[in-house]
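All remarks here apply to the structure that follows.
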Amino acid sequence: MGRITSFVALGDSFTEGLEDPADEGYRGWADRLAEHIEAEQPGLAYANLAVRGRLIDEVVGEQVPMAVELGPDLVSLCAGGNDILRPSSGPDVVAARLEQGVAALTQAGSRVMLFTGFDLRDVPVMRLAHSKIEIFNLHIHDIARRYDAFLVDMWPMAVLRDRRAWNMDRLHLSPDGHRRVALHAAEVLGVAVQEDWREPYPPLLPAQWADARREDLRWARQFLGPWINRRIQGRSSGDGVRPKRPELAPLVNR
Numbered sequence: 001m002g003r004i005t006s007f008v009a010l011g012d013s014f015t016e017g018l019e020d021p022a023d024e025g026y027r028g029w030a031d032r033l034a035e036h037i038e039a040e041q042p043g044l045a046y047a048n049l050a051v052r053g054r055l056i057d058e059v060v061g062e063q064v065p066m067a068v069e070l071g072p073d074l075v076s077l078c079a080g081g082n083d084i085l086r087p088s089s090g091p092d093v094v095a096a097r098l099e100q101g102v103a104a105l106t107q108a109g110s111r112v113m114l115f116t117g118f119d120l121r122d123v124p125v126m127r128l129a130h131s132k133i134e135i136f137n138l139h140i141h142d143i144a145r146r147y148d149a150f151l152v153d154m155w156p157m158a159v160l161r162d163r164r165a166w167n168m169d170r171l172h173l174s175p176d177g178h179r180r181v182a183l184h185a186a187e188v189l190g191v192a193v194q195e196d197w198r199e200p201y202p203p204l205l206p207a208q209w210a211d212a213r214r215e216d217l218r219w220a221r222q223f224l225g226p227w228i229n230r231r232i233q234g235r236s237s238g239d240g241v242r243p244k245r246p247e248l249a250p251l252v253n254r
């Protein structure tokens with residue numbers, strides 16, 4: 001897209017950068033992408049409005065208008081995953097709301113970058129949403145074509161099917177997972193990088209069946225149970241959380 005002077009990231013925990021720790025808070029793929037852009041095109045102004053737990057209506061209704069007001073060259077919009085994981089949600093409805101956000105940003109003059117959902121077929125419990133994610137991804141491909149949006153297709157990223165790309169909660173990427181998504185996004189934008197997101201992980205020894213089942217039980221107690229309880233109680237992990245970079249500001253203080 002040529003020179004990128006300003007970049008605003010919108011979304012939920014994926015874009016906020018959960019489980020990729022930084023000196024203060026979290027880093028994540030969006031911060032890493034901004035660093036890649038800055039390295040090639042110094043002088044980038046960057047904002048990150050993403051907040052963990054946000055649903056599609058909150059991202060489109062609250063974050064999109066803020067991004068329109070900021071008027072950046074590039075806006076990343078990854079939202080709807082939290083909706084899709086809820087049993088009552090419909091991918092067609094979520095995609096229609098996503099398209100409203102893309103339309104508003106495009107009409108305001110920003111180029112939009114979209115992301116497909118992950119392939120979770122090998123993740124216990126989460127694999128139940130596999131078919132819904134496939135349908136949602138078809139809509140995202142269609143929206144990207146119609147609005148000339150950049151598309152980071154994460155569904156076929158085989159490296160993200162390796163457990164080392166994920167945090168132990170199986171919901172958020174590990175630091176290396178974020179690193180690889182940032183490299184893929186940079187490639188889609190045509191930003192030069194020095195690493196290849198496709199580089200395979202070293203082989204792992206096969207897990208023993210009993211060990212794997214014990215790990216599943218620990219995960220269910222520590223992460224799945226609390227996640228379900230929040231859904232039942234109508235609470236979000238993002239209650240009271242504010243965006244980490246609410247204004248466009250230089251990535252590097254000069």
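Per the UniProt record's numbering, numbering through the sequence shown is continuous, rising by one, with the last residue being 254.
Yeah, the Cβ is synthetic: ideal placement off N, Cα and C, and Gly gets one too.
query: Where in the region 60-148 do unbroken runs of the beta strand (DSSP E), each at least 3 residues long, occur, reported from the N-terminal end onward?
result: DSSP runs (the beta strand (DSSP E)) wholly in the region 60-148: 74-78 and 111-115.
- request: Would you please state the rounded distance, in angstroms, between the beta carbons of V193 and R52? I believe it to be under 8 Å.
  value: Locating residue 193 in the sequence shown gives position 193, counting from the first residue. Locating residue 52 in the sequence shown gives position 52, counting from the first residue. No, V193 and R52 are not in contact; Cβ-Cβ is about 27 Å, not under 8 Å.
field: Rounded C-alpha distance that separates V191 from R214
entry: On the sequence shown, position 191 is the one that residue 191 refers to. On the sequence shown, position 214 is the one that residue 214 refers to. So the alpha carbons of these two residues sit roughly 43 Å apart.
- request: Inspect the CB distances between the region 55-75 and the region 5-12 and report whether three or more fall short of 8 Å.
  value: yes
- prompt: In three-state terms, what does DSSP make of V51?
  reply: For the purposes of this step, residue 51 is identified with residue 51 of the sequence shown, where counting begins at 1. Here V51 sits in coil by DSSP.
query: In its own chain, which residues sit with a C-beta less than 6 Å from the C-beta of Y201, not counting the 5 before and 5 after it?
result: Along the sequence shown, read from residue 1 onward, the residue named residue 201 stands at position 201. Answer for Y201: D162 and R164, listed in chain order.
- request: Return helix, strand or coil for R245, following the three-state DSSP convention.
  value: As a position in the sequence shown, residue 245 is number 245, starting the count at 1. Strand.
task: Could you tell me how far apart the beta carbons of L85 and A50 are, in whole angstroms, since I believe they sit closer than 8 Å?
output: Within the sequence shown, the letter at position 85 stands for residue 85. Within the sequence shown, the letter at position 50 stands for residue 50. With a Cβ gap of about 17 Å, L85 and A50 do not count as contacting.
message: Please report the distance separating the alpha-carbon of G43 from that of T106.
response: Looking up residue 43 in the sequence shown gives position 43. Looking up residue 106 in the sequence shown gives position 106. Cα to Cα, G43 sits roughly 23 Å from T106.
- prompt: L77 and L248 look like a contact to me (Cβ under 8 Å); what is the Cβ gap, rounded to whole Å?
  reply: Translated into positions along the sequence shown, residue 77 becomes position 77. Translated into positions along the sequence shown, residue 248 becomes position 248. Rounded, the Cβ-Cβ distance is 16 Å, inconsistent with contact.
message: Using only CA atoms, which one of L171, D196, P65 and E38 lies nearest to G109?
response: By 1-based counting over the sequence shown, the position of residue 109 is 109. The candidate whose alpha carbon is nearest that of G109 is P65.
- prompt: Is the region 17-35 touching the region 89-97 in the sense that three or more CB pairs, one from each, lie closer than 8 Å?
  reply: no
task: Look up L10 in the DSSP assignment and give the residues it is bridged to.
output: Indexing the sequence shown from 1 puts residue 10 at position 10. Per DSSP, L77.
message: With distance defined between alpha-carbon atoms, name the residue in A22, D73 and V68 nearest to T5.
response: Within the sequence shown, the letter at position 5 stands for residue 5. Nearest C-alpha to T5: D73.
query: So, helix, strand or coil for W166, using DSSP?
result: For the purposes of this step, residue 166 is identified with residue 166 of the sequence shown, where counting begins at 1. In the structure shown, W166 sits in a strand (DSSP, three-state: E or B).
- prompt: If you follow the beta strand (DSSP E) that V152 is part of, which residue opens it and which one closes it?
  reply: Position 152 of the sequence shown holds residue 152. Per DSSP, V152 belongs to the beta strand (DSSP E) from F150 to V152.
- request: Please work out which residues of its chain come closer than 6 Å, Cβ to Cβ, to G80, disregarding the five sequence neighbours upstream and downstream, and give them in chain order.
  value: One-based indexing of the sequence shown puts residue 80 at position 80. Result list for G80: I56, V94 and L98, in chain order.
query: Rounded to a whole number of angstroms, what is the C-alpha to C-alpha distance between D20 and S174?
result: Sequence index remark: in the sequence shown, residue 20 carries index 20 (1-based). Sequence index remark: in the sequence shown, residue 174 carries index 174 (1-based). Each residue's Cα considered, the two are about 6 Å apart.
- prompt: Which residues bound the alpha helix (DSSP H) around I37?
  reply: Numbered from 1 along the sequence shown, position 37 holds the residue referred to as residue 37. Segment G28 to E40, the alpha helix (DSSP H) holding I37.
- prompt: Which residues mark the beginning and the end of the alpha helix (DSSP H) in which E19 is found?
  reply: For this step, residue 19 is matched to residue 19 along the sequence shown. That residue, E19, is in no alpha helix (DSSP H); it is neither H nor E in DSSP.
message: I need the DSSP call for P175, collapsed to helix, strand or coil.
response: If you number the sequence shown from 1, residue 175 lands on position 175. Here P175 sits in helix by DSSP.
task: May I have the straight-line CA-CA distance separating F115 from D23, to the nearest angstrom?
output: As a first step, residue 115 must be located in the sequence shown, where it is residue number 115. As a first step, residue 23 must be located in the sequence shown, where it is residue number 23. Going by the C-alpha atoms only, they are around 27 Å apart.
message: From the DSSP secondary-structure annotation, give me the bridge partner or partners of A45.
response: Against the sequence shown, residue 45 aligns to sequence position 45. Per DSSP, S6 and P250.
- prompt: Rounded to a whole number of angstroms, what is the C-alpha to C-alpha distance between G2 and S131?
  reply: On the sequence shown, position 2 is the one that residue 2 refers to. On the sequence shown, position 131 is the one that residue 131 refers to. Cα-Cα distance, rounded: 36 Å.
query: What three-state label does DSSP hand A186 in the structure shown?
result: To locate residue 186, count along the sequence shown from 1; it is residue 186. The answer is helix: DSSP assigns A186 an H, G or I state.
Cβ-based burial, R254 [other Cβ within 10 Å; buried from 16]: The residue you call residue 254 lines up with position 254 of the sequence shown. Reliability fails at R254, whose pLDDT of 41 lies under 50, so the model's placement of it is uncertain and the value that follows must be treated cautiously. It is exposed - the Cβ of R254 has fewer than 16 other Cβ atoms within 10 Å.
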